Every structure is written in structure tokens, then in C-alpha cells.
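> Sending over a structure as C-alpha cells; questions will come in a sec.
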Amino acid sequence: MSARQKKLLLLDDDYESMEGLQLYMQNELGLSVEFSADANLLKRLDQEKFDLIIVDLMIHPQSPNAQNEQVQNIHYDGVRWDRTGLEFIRRFRAGEYTRTGKGTSPSVPIIVLSAVADSTMNREWGKTIQSEHHLEKPFRLSELSNLICRLLQE
Amino acid sequence: MIGPADLKWPFIPTCLTDILDKETLTVIESGSCERLGRPLTIHDFDSELGSFAHRIESVNEKQRYEEFCRFFRDDAHVQGGDKACKAGDINQAKCSLQEFQKTGEPYRLFRCHMGLLDMSHIIQIRGRPVALVFSGQFCPEDEGSINQRLMDAKANGLKFDESIIEHLEILAKKLTHIPDDMRARLEKEALHIQRIAEAEFELRKWQREQIFLEELRSVAHMLKSVDLDQLREKAETAVQKIKEYCNCNYALFFAGVHENDTVLMPFAQAGLPESIARDLPHFNWSKAKLPIESLNVDQQTFSQDTQIAIGSGIRGSNREYFFEAACLIPTAIGDRYRSVLVLGPFGDTVQIAAEWHFLTEIARITSLFARIGFEVLFLEQERRRWKNTATLLTHEVKTALTTITTPIGIARTIIQKNSSRESERADEQLRQAEDRSLLLGRITSGTLEGIAIKVEADDLEIQNYSLSALVENCATGFVPAAGARNLDLVIDPSISILPNVDIDVPHMTIALANLIENAIKYSFSKSKVFIRSHLNIASGVDQATAVIEVDNIGYEIREEDRKRIFEVGERGGDEARIKLIAGSGYGLWQTRSIVEAHGGEVHVKFYPTAIRKHEGRASRVIFSMEIPLKQKKHIGSQYVSETKKASSA
């Protein structure tokens, strides 16, 4: 199977700003891209096989999508909104969303793509993402594109 | 030391030898005998006897005893004579003490067992009789009574023959009559002894109290990251120490949490029954009729009337429990931060008025620590709020920039598919736009967080404070953290001689804490972190500065990183290694910002060390902050250091 046929999950609530990236990855990299931070997405992880996940760290409990409809995003009780992505990674890596073994492997590569990715790394609670790949927004598209291709070929 | 080691505060001695040793007393006695031209003996208080016991050694000529007395007390002439005189002294001493306790009169004139005129004077320390002096050996008005007493003495068992009686009668005739000024002269001598004893007592008491005050100052070590519970715990440790030292039933500390609070909350207590401690009253400063402005604790005096008024400030639950309190000590820092220390009944008799200065010092230290603790806490909370705001703003700005860079990147991808010259030129233009957008994104977080943390001179609240106490307390607070990393945190003795300086104590505590925290984080395990200081007076006394150094051994830092180490968000050292150590890269920037707001400077020096077996290439790193000793109030509320003014001039 070639990289162009692979499936990518873009977990981000910036529906407007990331739409261009979604189209780019579909059109130029030939990927199947699921772009959402919708809370219902978590169930699909146990049913669908994603080859790569791109995660934003700061996810608001709800935000408007491209059609200006309010989306109920992933949210964890007792976890601040700006650490939602961190909590998702911790739980995903622990296999919490992939109990049947039929869906996405908890060991698929993750790219942290966030406005605070670098500074988060330096904080005590940033240890969760220390072993993940990360790029800080705004990013150079070619850099992200190269990283995606490399990870999907590995 | 005053008296036995277990003697409790306020260390009032039970006897004179608790204060002055016997050799010294002998010297004092000799001087008094010389001036009086009469014998003078000091009788120390004997706790077992409950009175004064004779302490003087064998009688000799230098003591100017009358020949009659020397002869009588010589066992070779009068067997049992010396013993009878000593017993007589003890008996008279007891009478003098009873008289003093009854009337408060320290002087007494009486006749000895042989009928001679004697006098005594009580020596007191803080009102407690600790010794008694005897003098006299004068001829009584009825001279013949001595002969009669000689006969009585013989009849009572003293052994001496007729020739001795005759000789004693001759000696009795040589006795002189008491001069008119004798009382005044004895009182003067007693006063000399009392003054010497009191001075020695006050000195030793002061020394012992200073040790406690130092201990109290170091109880509540400052840490940068504190929460209210930690702060309360530290305050309770201090209050517990006060209770134990002052030997009182309980200690309760009310503090105003915020500036200008007049209703003070019960913040720490020790020794209160659980039923009371569970539901403590508060303290209303206004109801206690304490002044809102200018409460100068040094000028406050103790009186029962003012204590009753202050006591009325205790309001709410269980207030009646504190009606029996021994004293209530109000303090105010800078007219704005108020506190009251309440001490329960003392275990021993304490003259509170005489101890008031010491008690207010205790209250002031407790108050100051609580204050600094609150301030550090508030500053940290404020900093966190600003940081969160900065993070949110960073997110917003960077997300917006992403909507620019992503289309640029896509456009470049499309253009790059054509290989025409025009396409190359267009791509070059887009690359520049992309680079600038990315650069803008990179500097956004640093700029915003840097602004959030930055401290300006206007933000400072300057007070004259012991830099020595600040450094020592702050450093000692990190000893456990250093121990957890197998580091030895060495506080150099040079710290103890740092002077008072004009500083914002909470801010400067944070500045120093950042340097020490940094050194502990990046030091090699099992190495030492030194904290030392020196004064720099090269530019004259008026522009003198205090330099505090934090010296440690850690990984080498690249030359290009060294220059930026105090910049916003910069963390020096190997990237892979740094990832393993938590830190934001804002601590040193914050330190620099605080020190510069004080008109000071921060420096860092690196010295390569020998290559280490496990860690490889290493550096000795010395971070230092140089702080002007004096701040000069400039126009408005801005403080400008004299150093800065001088250098800019």
C-alpha cells in the first residue's frame, strides 16, 4: 500500500484556519483526511484504522465549523481546555480508545501541531508529549509535509 | 548563659551567682570594703534554704572586719564562735527578706547575736531578690550589752575562758559608733552591685533572645512557589516556637491577608484546645481602637488599659476564651499590613512591660514573614494569571498566522510545479512572506510572556530589609530540593554579614529563588551549589552594591547560548538534555527583570572544568546579581538607583 492511500486524522478545532491544510493533504499528498475535534470522533478510533494523527493541544469545548455550526468538541471533565490535546494523547497511548484492537493502533505516529507545542514541552505537564513529534503553529508547510511523508513511510 | 541551661525566658535569675561568678563578686566586695572602710559581705540567694546563705570565704584583714569580730570568729580563741556568727547571719538574712517582702524596703538596721549594730541591703534583679549585702560591726549605744551577750554566749555553749572574755571586752571598747551617712553609703554600694548585676543580666538575656529571634527569622524559609496551606504551616511552626520559648499556654496570630485589611483572620495558632482552635474568633482592628495610620511598634508601650482596649478587638466565636490572655501585641507594616499576636498566660511571672520590646520584636518578625509569604503568593498568582493570558493571546495570534502561512505554503507548492523564471520569482516572494510570518509566530510567545513577567521600577515596593536574612532564608528553603538531587547546598558565611538594603522583599525573593532553583536543576548530582556574597564599594560608599553569587557545576553551555541566557524564553544547553528538565526559560529573565528594576545587574560567568568521568565536558557556572544598597526615590513613585543615575551621568 502506498502513502497516498493512507488515512490521517487531523484533530483540531480551528475549523477555518486548518481547512486549507486538509485540502492540501488530500489533493497534494493524496491522503484520506478526517478533520474534526468532534467528541463523537473518539468512538470511531476503535472502528477505523488511522495511520497518522495530528493533534492540536488547545481545544475549546465547542467551536464553530466551516458552516458556522457549533461543534461539541472533545472535552474532559477536570481538564483545562488548553490541555485537552495532552489528555487525548495520554489516554490514546494508554489504549483507552482502542479496546477491541480492530481500530487505530495506539502506537500510530502522532504529530503535535499547536500554537504552544514548544513551550508546552518545557513544562512539567508537557512530559506527555516529549516522545511525540511536534511542530509549532504557524508552521512551514513543506516541513509538515515532509514529516507526514516520512512517518507514513516508516 | 544565665543560670542553669533549663532556665526559661525571661531568664530572671534566682541568685546573684547566676549572673556574676564568685571571683567577680570577691573583687566587687573588696572594692566596697575599701570605699566603706568597713566589712561588706554578699550573701547569695539559696533556693533550698529559701533565703540568703553566707558565701564569703575565711575572714581576713583586707575585709576590714573589726578586731572584735575576727577574734571572736577564730576557733583558736572562741570554739564555735565562727559557726555562731554564720548562723546569726543566716537568721538575720531571713528576717531582712521577710521585711523586704512585707514592706518592699531593701535596707534594714539590726543587732547581731553579739549585740553589734549591723545593716543589710537586698540586691534585686527585675524586682526579684537575688542576694543581700551585710555591713556594720558598729558599737551599739548601750555598750555594756556586748558584755552581757558574751556571758549569754558562754552560757549557751560557746567555749572560751575568762582571759578571752576580758580581751573581748577590751576589743569591744574599740568598736566605733555608726556614722550618720552609713546608710547612704551602704545603699550606694548595694546600688553599684545591683547595676553591675543588672547590666550583665540584660546583656546575657539580650544575647539569648537574639539567638531565638534569629531562629524565629529562619523558621519560615521563603520558597518561590507557596500556597496558602504551606504558608499557614510555616506560620504555625513559628507560632509554636514562640509558645515554647515564652513558656505561655498558647499563641494565636491574627493577620490581615490583604493590604489595608482591618479585619484580621486567625492565621496560625499553637497550644489552643481543639474545641477553640476549630472555631477561632477574628480580630477587628477598628473595634480595638488601634490607629489606622502610623502605628509605630517601637513607640508602643504596654499598659493594662491599652491591653483591655486591644482585647475588645477580638470578635466572634470563642472570644471569651481570650479574656485571660497575657498580652496582645499589635504590629503594622508600612501602615497597611496589620497583625496581632496573642499570648496566653505565662508559666512563670513575667513583667510584660519590661519585656514589651522583645515581645513586639517577636510579633514583628512573625508579621513580616506572613506578609512576605502573602506577597510572594500573590505575585506568583498574578504572574500565573498573566502567563495564562499570554498563552491565550499567543494561541490566538499564532492561529491567525497559520491562516496566512498555510495558503502561502500551498501557493508555493502550486507555483513550484511550473519551472518558469516568473514562477521562481513568485516563489521567492512567497518564501519571504512565509519566513516573515513564521518569524512573527516565533517571537509572539516570547514577547507576550516576557511582557507578562517583566517587572518595572514602578511595580516595586521598596523597604529597608536585611539582605542577609533574605538570602539565608531563601537559600535554606531550597536545602530539601538540593538534597533530593544529591546536591550539597552550601551557604557561605559571607551571607551573614550582608547589610540592610533597599529592596522589594517578595520580588527579590523570587529573583534569588529563580537563580538557586536553576542551579539545583542543572547541577551534576553529588556536586555542590555555593551561595556567597560580597560588597562592591569600588565606586564609593554611596554607590555600594551587594553581589550575591550562585555557583554550581553543570553541563557546558554553548558560547552562542551564553549571551542569550537571560533573554525571554531562552534555556541554555544541549536541546536533548534540556528537554528532560522541566522549565519555561522565563526564570532567569524574571530575575534579570527584577534586579534591573532595582537598578542592579545580573551576570553569568563560565569556567571550563576538567572532563568528568560520567558527564563529560563540564562548566563551572556563576550566576550573580548585583543590587545597589540604596534606592533613591525619584520623581513620582519611581525609584531610581543611585548606581544607575551615576553611570548614566
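Chains as they are written, first to last, in the numbering used here: chain D, 86 to 239; chain C, 386 to 1034.
No residue lacks a Cβ here, since even glycine has one placed at the ideal position from N, Cα and C.
Please read these numbers as outputs of a predicted model, since none were measured by experiment.
Alpha carbon to alpha carbon, how far is Arg-178/D from Asp-123/D?
Using only the alpha carbons, I get a separation of about 19 Å.
> Classify Tyr-992/C: buried if its beta carbon has 16 or more other beta carbons within 10 angstroms, exposed otherwise.
Tyr-992/C comes out exposed.
> Sorted by chain position, which residues of the same chain lie with C-beta nearer than 6 Å to Arg-917/C's C-beta, five sequence neighbours on each side aside?
These residues qualify, in order along the chain: Asp-877, Ser-879 and Glu-934.
> Measure the C-alpha to C-alpha separation of Ser-830/C and Met-143/D and round it to an integer number of angstroms.
Straight-line Cα distance between these residues: approximately 15 Å.
> From the DSSP output, in three-state form, read off Leu-883/C for me.
Here Leu-883/C sits in coil by DSSP.
> When the distance is taken between beta carbons, is Val-197/D closer than 9 Å to Val-118/D?
No, the pair does not count as a contact, with Cβ atoms beyond the cut-off.
> Residue ranges of each alpha helix (DSSP H) run of no fewer than 4 residues wholly in the region 854–882 of chain C, ordered along the chain?
Taking only runs of at least 4 residues, the alpha helix (DSSP H) segments lying wholly in the region 854–882 of chain C are 864–869.
> Under 7 Å Cβ to Cβ from Glu-986/C, same chain only, skipping five residues before and after it: list those, please.
Closer than 7 Å at Cβ, skipping near neighbours: Val-980 and Glu-1011.
> By how many angstroms is the C-alpha of Ser-924/C removed from the C-alpha of Phe-759/C?
Using only the alpha carbons, I get a separation of about 36 Å.
> Report yes if the C-beta distance between Cys-418/C and Gln-448/C is below 9 Å; otherwise report no.
Cβ atoms of Cys-418/C and Gln-448/C: closer than 9 Å.
> Buried or exposed, going by whether 16 or more other CB atoms sit within 10 Å of the CB of Asp-936/C?
By the 10 Å Cβ count, Asp-936/C comes out buried.
> On the criterion of 16 or more Cβ atoms from any shown chain inside 10 Å, does Gln-595/C qualify as buried, or is it exposed?
By the neighbour-count rule (16 or more Cβ atoms within 10 Å), Gln-595/C is not buried but exposed.
> Identify each residue in the region 815–830 of chain C for which the Cβ-Cβ distance to at least one residue of chain D is less than 7 Å, and report them in chain order.
Hits within the stretch, in order: Glu-819, Ser-822, Leu-823, Gly-826 and Ser-830.
> Which chain D residues are close to Lys-783/C, counting only those with a beta carbon under 7 Å from its beta carbon?
The contacting residues are Ala-200, Lys-222 and Pro-223.
> According to DSSP, which residues form a beta bridge with Ile-714/C?
Ile-714/C is bridged to Leu-726/C.
> Got a sec? Which residues, its chain only, sit under 8 Å from Pro-525/C by beta carbon, not counting five neighbours each side?
For Pro-525/C, where only same-chain residues beyond five positions count, the Cβ hits under 8 Å are Arg-496, Gly-500, Leu-501, Leu-502 and Ile-531.
> Do Leu-130/D and Leu-183/D come within 9 Å of each other at the CB atom, strictly closer than that value?
What sits at residue 183/D in the sequence shown is Thr, not Leu. Yes, they are a contact pair.
> For the beta strand (DSSP E) holding His-428/C, just list the boundary residues, first then last.
Its beta strand (DSSP E) spans residues 425–431.
> Does the distance from the CB of Ile-427/C to the CB of Leu-392/C come in under 9 Å?
Contact: no.
> For Tyr-156/D, which option in Asp-98/D, Lys-91/D and Leu-226/D has the closest C-alpha, if you only look at C-alpha atoms?
The identity of residue 156/D in the sequence shown is Val, whereas the question assumes Tyr. Per the Cα distances, Asp-98/D.
> Hey, how far is the Cα of Cys-234/D from the Cα of Tyr-161/D?
Looking at the two C-alpha atoms, the distance is approximately 31 Å.
> With a cut-off of 9 Å, does the C-beta of Gly-835/C fall near any C-beta of chain D?
Closer than 9 Å: no.
> Relative to chain D, which residues along the region 783–813 of chain C have a C-beta separation below 8 Å, given in chain order?
Going along the region 783–813 of chain C in chain order, one finds Lys-783, Thr-784, Ala-785, Leu-786, Thr-787, Thr-788, Ile-789, Thr-790, Thr-791, Pro-792, Ile-793, Gly-794, Ile-795, Arg-797 and Thr-798 with a Cβ nearer than 8 Å to chain D.
> Is any beta-carbon of chain C found at less than 9 Å from that of Glu-49/D?
No information on residue 49/D is available, as it lies outside the stretch 86 to 239 that chain D covers here.
> Thr-832/C versus chain D: which residues are under 7 Å apart at the beta carbon?
The premise fails here: Thr-832/C is roughly 13 Å from chain D at the closest Cβ pair, so nothing lies under 7 Å.
> Alpha helix (DSSP H) containing Arg-129/D: first to last residue?
Counting along the chain, the alpha helix (DSSP H) containing Arg-129/D begins and ends at 126–129.
> Nearest to Lys-128/D by CA position, among Lys-187/D, Asn-112/D, Asn-153/D and Gln-111/D, is which residue?
The shortest Cα separation from Lys-128/D among Lys-187/D, Asn-112/D, Asn-153/D and Gln-111/D belongs to Lys-187/D.
> Under the DSSP definition of a beta bridge, which residues are partnered with Ile-510/C?
DSSP lists Arg-513/C as partners of Ile-510/C.
> Please list, in chain order, all residues of the same chain as Glu-740/C whose beta carbon is under 8 Å from its beta carbon, the five residues on each side excluded.
Same-chain partners within the cutoff: Pro-395.
> Return no unless some Cβ of chain C is closer than 9 Å to the Cβ of Glu-113/D.
Yes, contact with chain C.
> Which runs of the beta strand (DSSP E) at least 3 residues long sit entirely within the region 111–194 of chain D? Give them in chain order.
DSSP runs (the beta strand (DSSP E)) wholly in the region 111–194 of chain D: 117–120, 137–140, 147–149 and 155–157.
> For Gly-466/C, count neighbouring Cβ atoms within 10 angstroms of its own Cβ and tell me buried if that reaches 16, exposed if not.
Counting Cβ neighbours within 10 Å, Gly-466/C comes out buried, since at least 16 surround it.
> By the three-class DSSP mapping on this structure, what secondary structure does Gln-928/C have?
Of the three classes helix, strand and coil, the one that applies to Gln-928/C here is helix, per DSSP.
> Which of the three DSSP states is assigned to Gly-939/C in this structure?
Here Gly-939/C sits in strand by DSSP.
> Let me know if Phe-519/C comes out buried or exposed under the rule of 16 or more other beta-carbons within 10 Å of its beta-carbon.
Buried, by the Cβ-count rule.
> With contact counted as at least three CB pairs below 8 Å, one residue from each stretch, are the region 666–675 of chain C and the region 738–757 of chain C in contact?
Contact fails: fewer than three Cβ-Cβ distances are below 8 Å.
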